[in-house]
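Read in order, the letters of the sequence shown are residues 1 to 301 in the working numbering.
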Amino acid sequence: MGSLECSGLPFCYCLQNVSEQGSLVEDCVVNLWTVYKPPIASKSPAKFFYMDGSLTNWTLSPLPIDNDAAGVGATLREFYKHDQRHFSFAYNDDSPSGSVDSYRGHSKGVVLFDDETGFWIIHSVPNFPSIGSYSYPATGMKFGQTFLCLTLSSQSLGDVGEHLRYVQATPFFSNLPEPFSVRFPVLVNIVKKQSLSKSETVFTRVRQFTTVGGQSLKSFAKHKKFNKDLWFDFVAPELRINMAVESWLNGGADDLDSVYDVTSVALPGVSFNSSRDHSKWAVADSNGPNIVCIGDMNRQV
Numbered sequence: 001m002g003s004l005e006c007s008g009l010p011f012c013y014c015l016q017n018v019s020e021q022g023s024l025v026e027d028c029v030v031n032l033w034t035v036y037k038p039p040i041a042s043k044s045p046a047k048f049f050y051m052d053g054s055l056t057n058w059t060l061s062p063l064p065i066d067n068d069a070a071g072v073g074a075t076l077r078e079f080y081k082h083d084q085r086h087f088s089f090a091y092n093d094d095s096p097s098g099s100v101d102s103y104r105g106h107s108k109g110v111v112l113f114d115d116e117t118g119f120w121i122i123h124s125v126p127n128f129p130s131i132g133s134y135s136y137p138a139t140g141m142k143f144g145q146t147f148l149c150l151t152l153s154s155q156s157l158g159d160v161g162e163h164l165r166y167v168q169a170t171p172f173f174s175n176l177p178e179p180f181s182v183r184f185p186v187l188v189n190i191v192k193k194q195s196l197s198k199s200e201t202v203f204t205r206v207r208q209f210t211t212v213g214g215q216s217l218k219s220f221a222k223h224k225k226f227n228k229d230l231w232f233d234f235v236a237p238e239l240r241i242n243m244a245v246e247s248w249l250n251g252g253a254d255d256l257d258s259v260y261d262v263t264s265v266a267l268p269g270v271s272f273n274s275s276r277d278h279s280k281w282a283v284a285d286s287n288g289p290n291i292v293c294i295g296d297m298n299r300q301v
């Protein structure tokens, strides 16, 4: 996952080239990055850990997560330009306005594309992102949170849209230019929050994605009518592995034969119990292949 020579476009902006003063170096974009913000005590700096393919371990950001020059904020700069030529779609079951949609999918993210490329951020933060300008909500500080950003070709937008249709993403901001609606009719569906057909009998979807730099990933989407455990009944069997899962357990979930709950997390210089963590991720056990999953759904949902 090497860096890409681009700027001023919707890409995942990295954090690997940060000056000692904490300013972000321009032209620093990557295929994908992931961010882990640990639980933050009241009035403590909201630092976070960052990783992309150029790094071998988590890197602590010199800037707090509420700074728009940090990885998440830097990536969302293009979103806040609100270019009417771009397709944009911000979704959250717990929106910045405080409105909670418990009927639709427990999903959170931001999609932004021009006619060639774009990014898809999947995250776990309630009330995020704000619409007018970048800020990080107080509701996302107390507990641990995760982000995953993918830089994709616009050819992937159809599959991104189908994923969001299956998970019943709840948009709170969108812009759908006509060329995108003609090219990808499913985008009309997700903007209008249309449901799956009543005749639909398959309630899960797996698709292969490839970033603009050639990194392959799989996406897993489930509709609420699947009505089974996300990890035990869907992801683990599909990947044929045993998994350790970190999810929001302040609501109940049981260990199953091939899927186990993480109870504590250790990052460089910090550790915490899963009860303080709202992040969503899973890894193959030590006997399996090197597989990491990052998402936005609580296990008990």
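We put the CB at the ideal spot given by N, CA and C, even for glycine.
Legend entry - Supposed contact pair Arg104 and His163 - C-beta distance, whole angstroms, cut 8 Å: One-based indexing of the sequence shown puts residue 163 at position 163. One-based indexing of the sequence shown puts residue 104 at position 104. That belief does not hold up - the Cβ atoms of His163 and Arg104 are roughly 14 Å apart, past 8 Å.
Inset, instruction - Could you tell me which residues DSSP puts in a beta bridge with Ser216? - result: By one-based count along the sequence shown, residue 216 stands at place 216. BP columns for Ser216 point to Thr210.
Inset, instruction - With DSSP as the reference, label Leu230 as helix, strand or coil. - result: Reading the sequence shown from its first residue, position 230 is the one you call residue 230. Note: Leu230 maps to coil in three-state DSSP.
Legend entry - At least three beta-carbon pairs within less than 8 Å, the stretch 209-219 to the stretch 184-194: At 8 Å Cβ cutoff, the stretches do not touch.
Legend entry - DSSP-derived helix/strand/coil call for Val167: Translated into positions along the sequence shown, residue 167 becomes position 167. If DSSP states are grouped into helix, strand and coil, Val167 belongs with coil.
Inset, instruction - Quick one: grab the DSSP three-state call for Ala282. - result: In the sequence shown, residue 282 corresponds to position 282, counting from 1. DSSP, read as helix, strand or coil, puts Ala282 in strand.
Inset, instruction - Reducing DSSP to helix, strand and coil, say where Ile122 ends up. - result: Translated into the one-based positions of the sequence shown, residue 122 becomes position 122. Note: Ile122 maps to strand in three-state DSSP.
Inset, instruction - Note down, in chain order, each residue of its chain lying with its Cβ closer than 6 Å to the Cβ of Lys37, except the 5 sequence neighbours on either side. - result: Your numbering for residue 37 matches position 37 in the sequence shown. Only Phe48, Ile65 and Gln145 meet the Cβ criterion.
Legend entry - Three CB pairs or more closer than 8 Å across the stretch 111-124 and the stretch 85-94: By the criterion of at least three beta-carbon pairs nearer than 8 Å, the stretch 111-124 is in contact with the stretch 85-94.
Inset, instruction - Flag this pair as yes or no: are the beta carbons of Phe119 and Phe87 separated by less than 8 Å? - result: Within the sequence shown, numbered from 1, the residue matching residue 119 stands at position 119. Within the sequence shown, numbered from 1, the residue matching residue 87 stands at position 87. No, the pair does not count as a contact, with Cβ atoms beyond the cut-off.
Legend entry - 4-residue-minimum alpha helix (DSSP H) runs that sit fully inside the stretch 97-146, ordered along the chain: Counting only runs of 4 or more residues that sit fully inside the stretch 97-146, no alpha helix (DSSP H) segment turns up.
Legend entry - Ser181, enclosing alpha helix (DSSP H) - first and last residue: For the purposes of this step, residue 181 is taken as the residue at position 181 of the sequence shown. Looking at the DSSP string, the run of the alpha helix (DSSP H) that includes Ser181 is Glu178 to Arg183.
Legend entry - Which residues DSSP lists as bridging Asp94, in chain order: Looking up residue 94 in the sequence shown gives position 94. In the DSSP output, where bridge partners are listed per residue, Asp94 has Val100.
Legend entry - Same chain only: Cβ atoms within 6 Å of Pro96, ignoring 5 sequence neighbours per side: For the purposes of this step, residue 96 is taken as residue 96 along the sequence shown, with counting starting at 1. Asn127 and Ser130.
Inset, instruction - For Val292, name the three-state secondary structure that DSSP assigns. - result: The count along the sequence shown starts at 1 and reaches residue 292 at position 292. Strand, per DSSP.
Inset, instruction - Identify every residue that forms a DSSP beta bridge with Ser174. - result: Along the sequence shown, read from residue 1 onward, the residue named residue 174 stands at position 174. Beta-bridge partners assigned by DSSP to Ser174: Phe89.
Inset, instruction - Measure the alpha-carbon distance for Asp285 versus Phe203 and round it to whole angstroms. - result: Walking along the sequence shown from the start, residue 285 turns up at place 285. Walking along the sequence shown from the start, residue 203 turns up at place 203. When rounded, the distance between both Cα atoms is 27 Å.
Inset, instruction - Kindly indicate which three-state DSSP category Leu63 falls into: helix, strand or coil? - result: Residue numbering aside, residue 63 sits at position 63 when the sequence shown is read from its first letter. In the displayed model, Leu63 falls within coil according to three-state DSSP, outside both helix and strand.
Inset, instruction - Note down the Cα distance separating Thr34 from Ser153, rounded to an integer number of angstroms. - result: In the sequence shown, residue 34 corresponds to position 34, counting from 1. In the sequence shown, residue 153 corresponds to position 153, counting from 1. Whole-angstrom Cα-Cα distance: 19 Å.
Legend entry - Residue interval of the alpha helix (DSSP H) (run including Val202): If you number the sequence shown from 1, residue 202 lands on position 202. For Val202, there is no enclosing alpha helix (DSSP H), since its DSSP letter is neither H nor E.
Inset, instruction - Report the three-state DSSP secondary structure of Ser44 (helix, strand or coil). - result: Locating residue 44 in the sequence shown gives position 44, counting from the first residue. If DSSP states are grouped into helix, strand and coil, Ser44 belongs with coil.
Legend entry - Burial state of Arg165 (16 or more Cβ within 10 Å): Locating residue 165 in the sequence shown gives position 165, where the first residue counts as 1. In this structure Arg165 is buried. Its beta-carbon is surrounded by 16 or more other beta-carbon atoms within 10 angstroms.
Legend entry - Status (buried if at least 16 other CB within 10 Å, exposed otherwise) for His82: Numbered from its first residue, the sequence shown carries residue 82 at position 82. His82 should be labelled exposed.
Legend entry - CB of Asn273 within 8 Å of CB of Thr151, strictly: The sequence position of residue 273 within the sequence shown is 273, counting from 1. The sequence position of residue 151 within the sequence shown is 151, counting from 1. Not in contact: Asn273 and Thr151 (Cβ atoms no closer than 8 Å).
Inset, instruction - Put Glu78 into one of helix, strand or coil per three-state DSSP. - result: Indexing the sequence shown from 1 puts residue 78 at position 78. In the structure shown, Glu78 falls within a coil segment according to DSSP collapsed to helix, strand and coil.
Inset, instruction - Would you mind working out which of Tyr13, Gln168 and Val111 sits nearest Met297, comparing C-alpha positions? - result: As a working note, residue 297 is residue 297 in the sequence shown. The residue with the shortest Cα to Cα distance from Met297 is Gln168.
Legend entry - Residue interval of the alpha helix (DSSP H) (run including Asp236): Along the sequence shown, one-based indexing puts residue 236 at 236. According to the sequence as given, residue 236 is Ala; it is not Asp. Segment Ala236 to Leu239, the alpha helix (DSSP H) holding Ala236.
Legend entry - Option nearest Ala266 by Cα separation, candidates Asp277, Thr117 and Pro289: If you number the sequence shown from 1, residue 266 lands on position 266. Cα-wise, what sits closest to Ala266 is Asp277.
Inset, instruction - Assuming Cys12 and Cys149 form a contact by the criterion Cβ under 8 Å, report the distance between their Cβ atoms to the nearest whole angstrom. - result: Stepping through the sequence shown from its first residue, residue 12 is reached at position 12. Stepping through the sequence shown from its first residue, residue 149 is reached at position 149. With a Cβ gap of about 4 Å, Cys12 and Cys149 count as contacting.
Inset, instruction - Going by CA-CA distance only, name the one from Thr56, Val111 and Tyr134 that's closest to Asn67. - result: Walking along the sequence shown from the start, residue 67 turns up at place 67. Out of Thr56, Val111 and Tyr134, Tyr134 has the C-alpha closest to the C-alpha of Asn67.
Legend entry - Candidates Met51, Met141, Ser279 and Asp101: closest to Lys193 by CA position: The residue labelled residue 193 in the question sits at position 193 within the sequence shown. Comparing Cα positions, the closest option is Asp101.
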